[in-house]
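Following: one structure in structure tokens, then a few remarks.
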Amino acid sequence: MKLGTELDALLRELEIEGQRNDSYEKDRKKKFLNLERPTAELIHVLVQASRRKHVLEIGTSNGYSTIWIAAALKSCDDATFISIEISPEKLAQARKNLTRAGLERRVHLMEGSATDVVASLRGPFDCVFFDADRVSAPSQLRLLLPKLSEDVLLLADNALSHPEEISAYKAVVEQLPDFVCTLTPVGKGLHLAWRRGV
Ligand SMILES: C[S@@+](CC[C@H](N)C(=O)[O-])C[C@H]1O[C@@H](n2cnc3c(N)ncnc32)[C@H](O)[C@@H]1O
Numbered sequence: 018m019k020l021g022t023e024l025d026a027l028l029r030e031l032e033i034e035g036q037r038n039d040s041y042e043k044d045r046k047k048k049f050l051n052l053e054r055p056t057a058e059l060i061h062v063l064v065q066a067s068r069r070k071h072v073l074e075i076g077t078s079n080g081y082s083t084i085w086i087a088a089a090l091k092s093c094d095d096a097t098f099i100s101i102e103i104s105p106e107k108l109a110q111a112r113k114n115l116t117r118a119g120l121e122r123r124v125h126l127m128e129g130s131a132t133d134v135v136a137s138l139r140g141p142f143d144c145v146f147f148d149a150d151r152v153s154a155p156s157q158l159r160l161l162l163p164k165l166s167e168d169v170l171l172l173a174d175n176a177l178s179h180p181e182e183i184s185a186y187k188a189v190v191e192q193l194p195d196f197v198c199t200l201t202p203v204g205k206g207l208h209l210a211w212r213r214g215v
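At position 120 of the sequence shown (counting the first as 1) the number is 137 in my numbering, and the numbers step up by one without a gap.
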């Protein structure tokens, strides 16, 4: 998939930098843990094709997935996009990378523990991408339930790579009424849950 010459070059650069960083960095908190490109491309298409307008990302890291989502929202003037990250250092890198992508105005970056930040948000959101620590995702989902649009699309990465950690999230989301759920074996496994709406 191509997004435009300069954006493609930046994304390729971030992919190489992410692999390099994560291979030498011993401290897991300092790893970028970016999405695999096929997962990022799928999320980009899903957001754009289903005309999402109010997106929340939990787990910004250095902004790789954030750039893919912001690019998907680019043509929608009234779109809103919030991305949450606990590490100030990573958030600074994300800000720098989004600026390089020319997308910094498309995203509201918020620093803090995701559950605390989510509690302070009003919504509504028509797409939420869970990509932080997985274990706290059920708490965030419960807080978000009254703030989700009728036809919300929920996405969660690492469904195949960390099945035990994500099991509590899956248990909550899969018993919600009117949601259809599926697990896509792309990258580390992308869990999708879509509420059919009325
Ligand atoms: C898998 S990485 C996100 C990768 C990013 N979505 C991408 O593809 O470029 C997870 C990120 O979530 C952050 N994180 C972990 N637990 C968090 C929490 N409780 N609240 C906010 N951010 C958290 C980590 O610092 C890390 O940067």
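C-beta atoms are modelled at their ideal positions from N, C-alpha and C, and glycine is treated no differently.
Nearest candidate by alpha-carbon position, reference residue i, set the options
i: tryptophan 211; options: Glu167, Glu182, Ala185, Lys205; result: Glu167
i: valine 62; options: Met18, Glu53, Gly80, Asp39; result: Met18
i: threonine 97; options: Pro180, Ala149, Val145, Leu27; result: Val145
i: lysine 47; options: Trp85, Pro105, Gly214; result: Pro105
i: leucine 31; options: Arg45, Leu138, Leu160, Ala57; result: Ala57
i: lysine 107; options: Gly129, Ser156, Ala188; result: Gly129
i: leucine 177; options: Asp39, Ser40, Met127, Thr201; result: Thr201
i: lysine 164; options: Leu171, Pro155, Ser153, Leu138; result: Leu138
i: valine 189; options: Lys91, Pro155, Leu120; result: Pro155
i: threonine 60; options: Ser82, Glu121, Ser100, Gly119; result: In the sequence on display, residue 60 carries isoleucine and not threonine. That would be Ser82, whose Cα lies nearest to the Cα of isoleucine 60.
i: aspartate 133; options: Val124, Leu161, Glu121; result: Leu161
i: alanine 136; options: Gly21, Gly119, Ile101; result: Ile101
i: leucine 193; options: Ile103, Cys93, Ile183, Leu171; result: Leu171
i: alanine 173; options: Arg151, Val64, Leu120; result: Arg151
i: lysine 205; options: Phe196, Leu20, Glu23, Pro55; result: Pro55
Residues sharing a beta bridge with residue i, DSSP
i: isoleucine 75; result: Ile101, Phe147
i: valine 197; result: Trp211
i: phenylalanine 49; result: In the DSSP output, where bridge partners are listed per residue, phenylalanine 49 has none listed.
Delimiting residues of the alpha helix (DSSP H) encompassing residue i
i: arginine 54; result: 54 to 66
i: valine 135; result: 131 to 137
i: leucine 90; result: 81 to 90
i: alanine 96; result: From DSSP, alanine 96 is part of no alpha helix (DSSP H); its letter is neither H nor E.
i: alanine 176; result: Unbroken run through alanine 176: none, as it is neither H nor E.
i: glutamine 192; result: From DSSP, glutamine 192 is part of no alpha helix (DSSP H); its letter is neither H nor E.
i: glutamate 34; result: 22 to 41
i: leucine 161; result: 154 to 161
First through last residue of the beta strand (DSSP E) which encompasses residue i
i: alanine 173; result: 165 to 173
i: leucine 126; result: 125 to 128
Should the segment 130 to 144 be called in touch with the segment 107 to 122, which here means at least 3 C-beta pairs below 8 Å?
Here the segment 130 to 144 does not lie against the segment 107 to 122, with fewer than 3 beta-carbon pairs under 8 Å apart.
Do three or more CB pairs link the segment 63 to 78 to the segment 22 to 34 at distances below 8 Å?
Three or more beta-carbon pairs separated by less than 8 Å are not found between the segment 63 to 78 and the segment 22 to 34, which leaves the two stretches without contact.
So, do the segment 85 to 104 and the segment 31 to 45 have three or more beta carbon pairs nearer to each other than 8 Å?
Contact fails: fewer than three Cβ-Cβ distances are below 8 Å.
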